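Data first, discussion second: the structure below is written as structure tokens.
There are 2 protein chains.
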Amino acid sequence: MKATMKDVAKLAGVGLGSVSRVINNVPVKESTAAKVKAAIKELNYEADIYARGLKTNKTYTVALILPTIWHPFFAEFAYYVETELEERNYKLLLCNSDGRPEKEYEYIQMVRQNKVDGIIGITYSDIDQYISSSLPFVSIDRYFTEDVIYVTTDNVEGGRLAARELFKRGAKHVAFVGGHQETPNETKNRRKCFQLEAERLGLECEVLDLLEPIEDLQSDIEKFLLEYPTIDGIFTITDLAALDAIHVINKLGKKVPEDIQVIGFDGLKMTKEAQYVVSTIAQPVEDMARTAVSLLLNVVEGKEAPSRTVLPAAFKEGATTKKLENREE
Amino acid sequence: MKATMKDVAKLAGVGLGSVSRVINNVPVKESTAAKVKAAIKELNYEADIYARGLKTNKTYTVALILPTIWHPFFAEFAYYVETELEERNYKLLLCNSDGRPEKEYEYIQMVRQNKVDGIIGITYSDIDQYISSSLPFVSIDRYFTEDVIYVTTDNVEGGRLAARELFKRGAKHVAFVGGHQETPNETKNRRKCFQLEAERLGLECEVLDLLEPIEDLQSDIEKFLLEYPTIDGIFTITDLAALDAIHVINKLGKKVPEDIQVIGFDGLKMTKEAQYVVSTIAQPVEDMARTAVSLLLNVVEGKEAPSRTVLPAAFKEGATTKKLENREE
DNA sequence: CTGTTAGCGCTTTCAA
DNA sequence: TTGAAAGCGCTAACAG
């Protein structure tokens, strides 16, 4: 059967305490350390996490709650969260909430059960009531209350950026296409600030902002584009919505980016090595993930952490906007 | 501080055992059950997983080892694994191995540390030596030894299917495009059986099968297509490779599917709701995930499980093959 | 049916 | 520097 610390102690001819010390890097006489290490190797001993946790109340595990891992944006985020946790010797417990609050709540309970030390969550449902300030929780893209820590992309600047990039590329009549939910979240600024900036730049600006869940975005876009045939630049709330828009544009016999330029939001790539799916206002996903992990582990370790972190968005050129002559960067 | 079972027992005026029984659904007198439940609610009590695990040696957690979650195929697989585990009250610990054997090994150790009950792994590195038959491990797409359980898609039939679908759509000169690794794995059958079937059908068949890692697949494909200008149907080893092929084809001024039809392998969709990225031989990802979980949990629970499970592949039409008149399905 | 009790494997005083 | 011993919070066997 599995070797225990007792077995190791007996084989090494030392006390239980010494074995524990060696394992936890507490200084011991070199000769005893050697004996213990030899015994550990011989018995192929591995410490039982449960017994240890019972004493230490630490799990070195963090839960990540996402709507679904089956989405390139969340997958990228999860990738970087896991990578960063790994570097700090933590493990990642993954939860696809599918938007179900019960499931999110279940994971929140786990920190009380000592199953995880804390939670990083991208959640759009109303779990405010369960998120207390005493719970080690970092929210992404969603503001709860004063004392719940969150990190987000600069959606304000992101929206403006989209308007400016379209303007620089000669668009005259732009549009925002997207959806929104009842719950307040940061993404609403994408529309608002795009619109403001477009108007400031003297562009005509239309808005198609549906309430989610959206039945059939493509046909809504089709009607919209038919209604405003002079639109030559579109900013969509996400890259996936941009794909829908492009599909409709092609169906209507127009070309991207020649007739209509499209800029999405998120910075989607199917894999690390791939190209951007569309021209996009990219979220600094890696930075967001690292920041979220840092903040969370600070809280877990009892340190202070700022409650609001806003990270910059950046335009990334894909194949859905025209090339600029005087390339900057 | 956190309430313990003792606190609950005291408050309810019963013994420790009764509390434990209530929690574990062992029949007790209704009146005691009520008292206990009331106390639990009042104290907001949650059982400590660690203390319980120390006794039971169960974690109800399974590790999933993938090359990277940031890839639509692995993300989809992970999605279904988590969903199935959730239904069985298990949790998922996620590991991006990035192909590093040390990291894979670390997770294998966790089984011995009681951190996880078992492992589902998609791994292409040489960790055979650590995978013993006593380790609850289910391998995907990769054969280790006789007694390591694995589940895979029917790559043999998949390859044939691709040849047949191209043939049905009028292709005369087909090609396989892909890469392979030193380690033996099931995917090699995709090329082999495609080639055999194409020849059987009387199609001319070229092969571009590079050794991974591949520096620049697109330029290799470009050379290849320039060398064989009459190719009118391509089967790629993955959907992602198909995307590369399409890119090259367009660059060469030809059209997909009019001039060259392309069929990939995997059945990639960016999200659950999205369209197939290309016409494809789809792996039954959901079925694979459910099967893998079933097999693993059987082993974890000490039951027997078949060591080889092969699941059927199926052709899924995307936009990169011609529509057939007499649609079957 | 229920209270008491003996550990599970480890960490951490406390003496020595 | 170290061994012995006392729990951590829970489950399960046992006696009532």
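Quick note, the sequences are listed as chains F and W, same order.
Throughout the first sequence, residue numbering follows the UniProt record's numbering, covering 1 to 329 in sequence.
Throughout the second sequence, residue numbering follows the UniProt record's numbering, covering 1 to 329 in sequence.
All C-beta atoms in this analysis are idealised placements derived from N, C-alpha and C, irrespective of residue type, glycine included.
Computed from a predicted structure; not experimentally measured.
Which runs of the alpha helix (DSSP H) spanning at least 4 residues fall entirely within the segment 148-216 of chain W, listed in chain order?
-> 155-168 and 188-200
C-beta atoms of Thr280/W and Lys255/W nearer than 8 Å = no
Length of the line joining the Cα atoms of Ile263/W and Gln275/W = 15 Å
Where Lys272/F meets chain W, residues with beta-carbon distance less than 9 Å = Thr68, Trp70 and His71
Contact list for the segment 19-53 of chain F against chain W, Cβ threshold 7 Å | Glu46, Ala47, Asp48, Ile49, Tyr50, Ala51 and Gly53
By how many angstroms is the C-alpha of Ala314/F removed from the C-alpha of Glu329/F?
-> With a pLDDT of 46 at Glu329/F, under the threshold of 50, the modelled position of this residue cannot be trusted; read the value that follows with caution. Near 12 Å, if we compare the C-alpha coordinates of Ala314/F and Glu329/F.
Can the beta-carbon of Glu212/W be found less than 8 Å from the beta-carbon of Gln113/F?
-> no
Compute every distance between the C-beta of Tyr276/W and the non-hydrogen atoms of the ligand HEM, then say whether any falls below 7 Å.
-> The ligand HEM is absent from the structure shown, which contains no ligand whatsoever.
Consider the Cβ of Leu166/F: report whether some Cβ of chain W lies at a distance smaller than 8 Å.
-> no
Residue nearest to Thr153/W in terms of C-alpha spacing, selected from Leu208/W, Val26/W, Asp141/W and Phe176/W = Asp141/W
Where do the N-terminal and C-terminal ends of the alpha helix (DSSP H) with Val262/W fall, by residue?
-> From DSSP, Val262/W is part of no alpha helix (DSSP H) but of the beta strand (DSSP E) over Gln261 to Asp266.
Best match in Thr145/F, Val285/F, Phe167/F and Asp117/F for proximity to Gly53/F [C-alpha to C-alpha] | Asp117/F
DSSP on Arg52/W, reduced to helix/strand/coil?
-> helix
Take Arg88/W and list the residues in its own chain whose beta-carbon comes closer than 8 Å to its own, dropping the five residues that flank it on each side.
-> Val293 and Leu297
Is the segment 31-51 of chain W in contact with the segment 91-108 of chain W, if contact means three or more CB pairs nearer than 8 Å?
-> no
Find out if the Cβ-Cβ distance for the pair Glu146/F, Ser307/F is shorter than 8 Å.
-> yes
What does Thr83/F touch in chain W if you count any residue whose Cβ is under 7 Å from its own?
-> Asn96
Just the chain W side, please: which residues come within less than 8 Å of Arg290/F by C-beta, in chain order?
-> Those do not exist, as Arg290/F stays about 15 Å from chain W at its closest Cβ, beyond 8 Å.
Chain F contact residues for Ala78/W, given Cβ-Cβ distances below 9 Å = Ile69, Trp70, Ala75, Ala78, Leu94 and Asn96
Own chain residues within Cβ distance below 8 Å of Ile221/W, not counting five before or after = Val177, Leu208, Asp244, Ala245 and Val248
Distance between Glu102/W and Thr4/F (C-alpha atoms, nearest Å) | 24 Å
Chain F contact for Asn89/W (CB, 8 Å cutoff) = no
Kindly indicate if chain W contains any beta-carbon less than 8 Å away from that of Lys2/F.
-> yes
Sort out for me which residues DSSP pairs Ala282/F with in a bridge.
-> Asp266/F and Ala314/F
Verify the CB distance criterion: does Thr309/F have a CB-CB separation below 8 Å to chain W?
-> no
For Glu329/F, does the three-state DSSP call read helix, strand or coil?
-> Residue placement at Glu329/F is poorly supported in this model, since its pLDDT is 46, which falls under 50; the coordinates still yield a value, given next. Three-state result, Glu329/F: coil.
What is the DSSP secondary structure of Lys255/W, counted as helix, strand or coil?
-> coil
Note down the Cα distance separating Ala12/W from Asn57/F, rounded to an integer number of angstroms.
-> 26 Å
Please confirm if Arg100/F has its CB atom under 8 Å from at least one CB of chain W.
-> no
Buried or exposed: Tyr79/W, going by 16 or more other Cβ atoms within 10 Å of its Cβ?
-> buried
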